[in-house]
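In our numbering, the protein residues as written are 17 to 337. Quick notes on the structure that follows.
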Ligand code: F6P
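Below, the structure written as structure tokens:
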């Protein structure tokens, strides 16, 4: 292959730029040119591509977001549109594509692979909701951001003896909630994977009050039973020992400079994906497993594991008392 393209699709994640840099430099190291596609699959639909050079991707490792944009495309769901994208790429002499993104991006990449366009995926989503890879690009930074925010919220909750409900992102996954909750010693962590009832929440609060706790931190995943606003209202409507306040961390978790871990992960995954594509692989995703990159078939990814798996649930039960 002499010419490949790279795009960042779905929600942006810290570390995407490090992956774009690694793809560009790995391709050029192996004698291939690289074109960046603007704004995810929509740049393919609208024919917006631009050559990336080794110097052009200098100094982007530490930057959040994506220098070539990121996004979701409604039009790309249409088969005829995808066929048009493949002929556009071929017309430009582009022989393969690297897709950096999450679940939706995986599906888009699989469709291009079916149409005969060699495609390799680099998993990137702060939600950590892709089966087969232990971690995706952006997760570590998003958790660090949530941890910093929750530490601050605990300070003020403690001063005022309040229950603080902190809603974190994750779509249908509780990964950010579980990890940031454990790392901050949160009293409760509520996720879509393990729903809890109000009775249980109130009982834990009662026990917290009895144990002399001065705050009660609930880390609530966005995909759980209630949004933070509603849970705060329910807490205040019942005779609980703590008044409730809530904070929705939202997009703060998606931005910012990537952590050391995300920079290295993205760099390793970007190189692995490019070398796989240049080696003639297609329809595969680079997965992080047992401390190394592996290639998995996109059509056959293992199921997602529950973030509470392993000993975490017990660890939390013991340490949150
Ligand atoms: O997938 C990452 C994510 O930030 C989710 O946590 C969240 O539900 C969603 O994207 C928000 O997407 P959008 O950028 O379309 O508002």
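We treat Cβ as the ideally placed atom computed from N, Cα and C, and that holds for glycine.
Rounded to the nearest angstrom, what separates residue i and residue j at their Cα positions?
{"i": "residue 158", "j": "residue 142", "result": "6 Å"}
{"i": "residue 134", "j": "residue 280", "result": "25 Å"}
{"i": "residue 49", "j": "residue 21", "result": "8 Å"}
{"i": "residue 196", "j": "residue 166", "result": "8 Å"}
{"i": "residue 249", "j": "residue 242", "result": "10 Å"}
{"i": "residue 36", "j": "residue 237", "result": "29 Å"}
{"i": "residue 87", "j": "residue 222", "result": "44 Å"}
{"i": "residue 204", "j": "residue 214", "result": "12 Å"}
{"i": "residue 79", "j": "residue 29", "result": "11 Å"}
{"i": "residue 230", "j": "residue 324", "result": "26 Å"}
{"i": "residue 31", "j": "residue 153", "result": "6 Å"}
{"i": "residue 150", "j": "residue 45", "result": "28 Å"}
{"i": "residue 89", "j": "residue 58", "result": "5 Å"}
{"i": "residue 63", "j": "residue 109", "result": "13 Å"}
{"i": "residue 233", "j": "residue 269", "result": "18 Å"}
{"i": "residue 132", "j": "residue 307", "result": "31 Å"}
{"i": "residue 186", "j": "residue 162", "result": "12 Å"}
{"i": "residue 278", "j": "residue 118", "result": "15 Å"}
{"i": "residue 333", "j": "residue 212", "result": "14 Å"}
{"i": "residue 235", "j": "residue 219", "result": "16 Å"}
{"i": "residue 188", "j": "residue 322", "result": "11 Å"}
{"i": "residue 91", "j": "residue 85", "result": "17 Å"}
{"i": "residue 56", "j": "residue 26", "result": "7 Å"}
{"i": "residue 164", "j": "residue 194", "result": "15 Å"}
{"i": "residue 309", "j": "residue 288", "result": "7 Å"}
{"i": "residue 10", "j": "residue 254", "result": "The structure shown does not extend to residue 10, since the chain is modelled only from 17 through 337, so no value can be given for it."}
{"i": "residue 13", "j": "residue 175", "result": "What is shown of the chain runs 17 to 337, which leaves residue 13 out entirely."}
{"i": "residue 73", "j": "residue 102", "result": "26 Å"}
{"i": "residue 295", "j": "residue 123", "result": "22 Å"}
{"i": "residue 60", "j": "residue 104", "result": "8 Å"}
In terms of residues, what are the limits of the alpha helix (DSSP H) holding residue i?
{"i": "residue 333", "result": "328-335"}
{"i": "residue 291", "result": "276-294"}
{"i": "residue 35", "result": "32-45"}
{"i": "residue 191", "result": "191-200"}
{"i": "residue 251", "result": "244-253"}
{"i": "residue 124", "result": "119-130"}
{"i": "residue 223", "result": "214-226"}
{"i": "residue 105", "result": "95-107"}
{"i": "residue 58", "result": "57-61"}
Ends of the beta strand (DSSP E) at residue i?
{"i": "residue 309", "result": "308-313"}
{"i": "residue 135", "result": "135-139"}
{"i": "residue 235", "result": "232-237"}
{"i": "residue 263", "result": "259-264"}
{"i": "residue 16", "result": "Since the displayed the chain opens at 17 and closes at 337, residue 16 lies outside it and no answer follows."}
{"i": "residue 302", "result": "300-305"}
{"i": "residue 24", "result": "19-24"}
{"i": "residue 184", "result": "178-184"}
{"i": "residue 68", "result": "65-68"}
{"i": "residue 205", "result": "204-206"}
Compute the beta-carbon to beta-carbon distance between residue i and residue j, rounded to the nearest angstrom, for a pair I have assumed lies under 8 Å.
{"i": "residue 38", "j": "residue 303", "result": "Wrong, their Cβ atoms sit about 16 Å apart, outside the cutoff."}
{"i": "residue 275", "j": "residue 144", "result": "So it is not a contact: roughly 14 Å between Cβ atoms."}
{"i": "residue 207", "j": "residue 190", "result": "2 Å"}
{"i": "residue 292", "j": "residue 184", "result": "Rounded, the Cβ-Cβ distance is 33 Å, inconsistent with contact."}
{"i": "residue 147", "j": "residue 320", "result": "4 Å"}
{"i": "residue 340", "j": "residue 271", "result": "Given a span of 17 to 337 for the chain in the structure shown, any question on residue 340 remains unanswerable."}
{"i": "residue 54", "j": "residue 66", "result": "7 Å"}
- Task: Check whether the stretch 298-314 touches the stretch 180-198, taking contact to mean three or more Cβ pairs, one atom from each stretch, closer than 8 Å.
- Result: no
- How about the stretch 109-118 and the stretch 17-33: do they share at least three Cβ pairs that are nearer than 8 Å? yes
- Okay, do the stretch 115-129 and the stretch 86-101 touch, 3+ Cβ pairs below 8 Å being the bar? yes
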